[in-house]
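Chemist: Residue numbers (the UniProt record's numbering): 1 to 229. No residue lacks a Cβ here, since even glycine has one placed at the ideal position from N, Cα and C. Since this is a predicted model, take the numbers as computed values, not measurements. Handing you a structure now.
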Amino acid sequence: MPTALVTGGNRGIGLATVRQLAASGIEVWLGARDPAAARACADALAAEGFAGVHPVTIDVADTASIAACARRIEATGGHIDILINNAGLYLQGSVLDAPEACFAQAMAVNAFGALWCARAFMPGMLARGWGRIVNLASGYGCFSTGLDGPAPYSLSKAALNAITLMLARASSGDVKVNAVDPGWVRTRMGGPQAPRAVEDAAADVVWAATLPADGPHGCLLRRRAVVPW
Numbered sequence: 001m002p003t004a005l006v007t008g009g010n011r012g013i014g015l016a017t018v019r020q021l022a023a024s025g026i027e028v029w030l031g032a033r034d035p036a037a038a039r040a041c042a043d044a045l046a047a048e049g050f051a052g053v054h055p056v057t058i059d060v061a062d063t064a065s066i067a068a069c070a071r072r073i074e075a076t077g078g079h080i081d082i083l084i085n086n087a088g089l090y091l092q093g094s095v096l097d098a099p100e101a102c103f104a105q106a107m108a109v110n111a112f113g114a115l116w117c118a119r120a121f122m123p124g125m126l127a128r129g130w131g132r133i134v135n136l137a138s139g140y141g142c143f144s145t146g147l148d149g150p151a152p153y154s155l156s157k158a159a160l161n162a163i164t165l166m167l168a169r170a171s172s173g174d175v176k177v178n179a180v181d182p183g184w185v186r187t188r189m190g191g192p193q194a195p196r197a198v199e200d201a202a203a204d205v206v207w208a209a210t211l212p213a214d215g216p217h218g219c220l221l222r223r224r225a226v227v228p229w
């Protein structure tokens, strides 16, 4: 069975994705910035019977932290076959009024964080000839829907879509890179009024993470269908 890394795996869609991957028998590294949070979630999952979940510290905005995460996994004799770039920030503001720091922070986590993680783990996938990278996208980052969300968030998610395409074009063998728009989900970010359950969103992510060789590649996926960027 493959091994997965889920960034931002300590809550929301990330935690639900960890649980569903583990339930399918996949070994999972649960990544979080806070070591205590990662450990607490892994321990809770172990108590539920998911023995193959391991905590790991990773701050996707810090390349040194990503490198340390990779070394930690390699030290166990393992490697990453499935990368779920789930960690993200939802920062408010208009294109004219949002502080510069909000744009910089959103780009550092939502866009470049996914890129740096892919650069850390995708070469190994290419060398082994198999891998899956799933970037958590948003309708707010789509040109087809007008980029109508908060400017820092929308811009960073639009950049993530571009990164997804570029990584897909750099791929070879059975290494697939896709973006998944989970929709409006009941999480801390989405709020209690959101119409979609976190388990349903995670199921779409797991589906994209376990696609067969003839599945979509270099696409934006919503409800398991290819949609316009």
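Rounded to the nearest angstrom, what separates N161 and A37 at their Cα positions?
Modeler: Within the sequence shown, numbered from 1, the residue matching residue 161 stands at position 161. Within the sequence shown, numbered from 1, the residue matching residue 37 stands at position 37. For N161 and A37, the distance between alpha carbons rounds to 29 Å.
Chemist: Determine the extent of the alpha helix (DSSP H) in which V28 is found, giving its start and end residues.
Modeler: Looking up residue 28 in the sequence shown gives position 28. From DSSP, V28 is part of no alpha helix (DSSP H) but of the beta strand (DSSP E) over E27 to A32.
Chemist: Output the distance between the C-alpha atoms of A151 and L91, rounded to the nearest integer angstrom.
Modeler: Locating residue 151 in the sequence shown gives position 151, where the first residue counts as 1. Locating residue 91 in the sequence shown gives position 91, where the first residue counts as 1. About 8 Å.
Chemist: Tell me L83's beta-bridge partners as DSSP assigns them.
Modeler: Residue 83 sits at position 83 when you count from the first residue of the sequence shown. L83 pairs with L5 and I133.
Chemist: To the nearest angstrom, how far is the alpha carbon of V33 from that of A209?
Modeler: By 1-based counting over the sequence shown, the position of residue 33 is 33. By 1-based counting over the sequence shown, the position of residue 209 is 209. Position check: residue 33 holds Arg in this sequence, whereas Val was assumed. About 22 Å.
Chemist: Over the uninterrupted beta strand (DSSP E) stretch that includes V53, give me the two end residues.
Modeler: Here residue 53 refers to the residue found at position 53 of the sequence shown. V53 to T57 is the extent of the beta strand (DSSP E) around V53.
Chemist: Taking all protein chains shown into account, do 16 or more other C-beta atoms lie within 10 angstroms of the C-beta of F143, making it buried, or fewer, making it exposed?
Modeler: Here the question's residue 143 lines up with position 143 in the sequence shown. With fewer than 16 other Cβ atoms within 10 Å, it is exposed.
Chemist: Between which two residues does the alpha helix (DSSP H) carrying D200 extend?
Modeler: The residue labelled residue 200 in the question sits at position 200 within the sequence shown. Per DSSP, D200 belongs to the alpha helix (DSSP H) from V198 to A209.
Chemist: Who pairs with V175 in a beta bridge, going by DSSP?
Modeler: The residue you call residue 175 lines up with position 175 of the sequence shown. In the DSSP output, where bridge partners are listed per residue, V175 has G131.
Chemist: Count the other CB atoms within 10 Å of the CB of V198; is the residue buried (16 or more) or exposed (fewer)?
Modeler: As a working mapping, residue 198 is identified with position 198 in the sequence shown. It is buried - the Cβ of V198 has at least 16 other Cβ atoms within 10 Å.
Chemist: Expressed to the nearest angstrom, what Euclidean distance is found between the alpha-carbon atoms of S94 and L147?
Modeler: For the purposes of this step, residue 94 is taken as the residue at position 94 of the sequence shown. For the purposes of this step, residue 147 is taken as the residue at position 147 of the sequence shown. Their backbone Cα atoms lie some 11 Å apart in a straight line.
Chemist: Going by Cα to Cα distance, which pick from G131, S154 and A201 is closest to F103?
Modeler: The count along the sequence shown starts at 1 and reaches residue 103 at position 103. Nearest C-alpha to F103: S154.
Chemist: Is the distance from the Cβ of G12 to the Cβ of V60 below 8 Å?
Modeler: Locating residue 12 in the sequence shown gives position 12, counting from the first residue. Locating residue 60 in the sequence shown gives position 60, counting from the first residue. Contact: no.
Chemist: Is the region 9 to 25 close to the region 201 to 215, with three or more CB pairs under 8 Å?
Modeler: Contact between the region 9 to 25 and the region 201 to 215 is present, because at least three Cβ pairs lie under 8 Å.
Chemist: What does the Cβ neighbour count give for D81, buried or exposed, with the cut at 16 atoms within 10 Å?
Modeler: Walking along the sequence shown from the start, residue 81 turns up at place 81. Buried, because 16 or more other Cβ atoms sit within 10 Å of the Cβ of D81.
Chemist: Tell me the DSSP secondary structure of R72 in three-state form.
Modeler: Residue 72 sits at position 72 when you count from the first residue of the sequence shown. In the structure shown, R72 sits in a helix (DSSP, three-state: H, G or I).
Chemist: With distances taken between CB atoms, is the gap from M68 to H54 smaller than 8 Å?
Modeler: Locating residue 68 in the sequence shown gives position 68, where the first residue counts as 1. Locating residue 54 in the sequence shown gives position 54, where the first residue counts as 1. The amino acid occupying residue 68 in the given sequence is Ala; Met does not appear at that position. Contact: no.
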